[in-house]
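Residue numbering for the sequence shown follows the working numbering, starting at 40 and increasing by one per position. All C-beta atoms in this analysis are idealised placements derived from N, C-alpha and C, irrespective of residue type, glycine included. What follows is a set of notes on a single structure, which appears directly below.
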Amino acid sequence: MRKRGSDNTFALLAAIGLHLLLFGLAIIGVWFSRAPTAAGSGTAVQADMVELGALSASTRAALAREPLPVEPDAIAEPLPDAPPEPEPEPVAAPPQPLPEPAPQDAVVPRQQQAQDIIPDPAPEQQEAARRDSTNPLTAEREAEARRRQEQIDLTERQRQQEAEQQRRLAAQREAEERQKAEREQRQRAEQLRRIQAERARARREAEQAEARLQQIADREAARAAASAAAGSGGGTAGGAGGGDANLRAQYAAAIQEAILRQWRRPDNIPQGQRCRIRIRQLPGGEVPNDGVTFEGSCPYDEQGKRSVEAAILRAQPLPYKGFESVFQRNLTLNFEARDR
40 MRKRGSDNTF ALLAAIGLHL LLFGLAIIGV WFSRAPTAAG SGTAVQADMV ELGALSASTR
100 AALAREPLPV EPDAIAEPLP DAPPEPEPEP VAAPPQPLPE PAPQDAVVPR QQQAQDIIPD
160 PAPEQQEAAR RDSTNPLTAE REAEARRRQE QIDLTERQRQ QEAEQQRRLA AQREAEERQK
220 AEREQRQRAE QLRRIQAERA RARREAEQAE ARLQQIADRE AARAAASAAA GSGGGTAGGA
280 GGGDANLRAQ YAAAIQEAIL RQWRRPDNIP QGQRCRIRIR QLPGGEVPND GVTFEGSCPY
340 DEQGKRSVEA AILRAQPLPY KGFESVFQRN LTLNFEARDR
């Protein structure tokens, strides 16, 4: 709690008054301590005490000489007895001056830090403040200022609330978009899985259908060959028909072997797996760059198909000499994957 300037002034005046009182008491004590002058007749004798060492050499020599004899007539008559001097009355010791108070012994406690002097408002200011407090216009202005400040505070709070609401909405929209993206990703993954499963099932069904068709074709070819042999009634014709079938089988085996010499089976293609390939070739066994196509039932993946196509192009010209009678421009080959 701060002290007023009037308290400091009072303490200063009290300290000055105390010092003046002590100074007056010291003067009075010195005045009363002076010895009273002894009353008596005659001239006062004064004597000065001088140390022998302080005298000059001539003075010390004069004092060392014997005094001259004094004539009897020169002896003065003794003076009448003087009354005894009165004994001096005992004088009380003068009062000792009181020691000046040290800062730590002062009446006012020593302050650790200087205090700010709070000036008292002038009477005019106090009167103006009272008039303003009782003035209706001033009260109305203060009320209007408070209303404006409250409106400003309310507007600021509303702005902060709107900003917070916008942040919450943005965070909610972001979370919804993230959840939507995750759902779409799961849906795409599920759709891709279904497509792959359908393709694998269709591939298996096509392979099975192709195998059945091949079996039917083989039976029909055997039946036709048997019918032709029985209808000709001669061994020469039957031998010629059988020779064409054998030559076609040898032609297919020669092409298969030529391709296998240029092909290395990938690890993802199992041993013995078959793939139907259509090869478009020219007389002499030349194959154009776009002359190799794969049927939809081929189970090889894209990498495996490309490796077989590259092996066919490297193996050209395909076997032709000796197989002119069974040569086909558009050849369908049932390629079988195996290691040489």
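Inclusion of G324 and L286 in the CB contact set at 8 angstroms is not warranted, their separation being larger than that value.
N369 is bridged by DSSP to R319. Secondary structure at E163: helix, using DSSP grouped into helix, strand and coil. In the DSSP assignment, V347 falls outside any beta strand (DSSP E) and within the unbroken alpha helix (DSSP H) covering 341 to 354. In the same chain as G343, and ignoring 5 residues on each side of it, the C-beta atoms closer than 6 angstroms to its own belong to P305, I308, in chain order. Closest in alpha carbon position to A376, among Q367, L352, I316, is I316. In the DSSP annotation of this structure, V326 is not part of any beta strand (DSSP E), being labelled neither H nor E. In the three-state scheme derived from DSSP, where H, G and I count as helix and E and B as strand, R304 is classed as coil. Here DSSP, grouped into helix, strand and coil, assigns F374 to strand. Rounded to the nearest whole angstrom, the CA to CA distance from R212 to A228 is 24 angstroms. N369 sits away from R313, with the two beta carbons spaced by 8 angstroms or more. Going by beta carbons, I298 and A350 fall inside the 8 angstroms limit. Annotated as proximal: A245 and S336, with beta-carbon spacing under 8 angstroms. Closest by C-alpha distance to V365, out of A209, E341, Q289, D329, is Q289. In the three-state reduction of the DSSP assignment, F333 falls in the strand class. Rounded to the nearest whole angstrom, the CA to CA distance from L64 to E166 is 48 angstroms. In the DSSP assignment, the residues bridged to R313 are E375. Rounded to the nearest angstrom, the gap between the Cα atoms of Q295 and E221 is 50 angstroms. Taking the C-beta atoms as reference points, A354 is found nearer than 8 angstroms to R300. Pairing G56 with T48, the inter-Cα distance amounts to about 12 angstroms. K219 sits in a helix when the DSSP states are folded into three classes.
Shown here, L357 sits in coil according to DSSP, grouped into three states, outside any helix or strand.
The alpha-carbon separation between A241 and D340 amounts to approximately 14 angstroms. Judged by beta-carbon spacing, D378 lies within the 8 angstroms limit of Q310, meaning their Cβ atoms are closer than that value.
With respect to the C-alpha of W302, the residue from E183, E163, N328, S346 having the closest C-alpha is S346.
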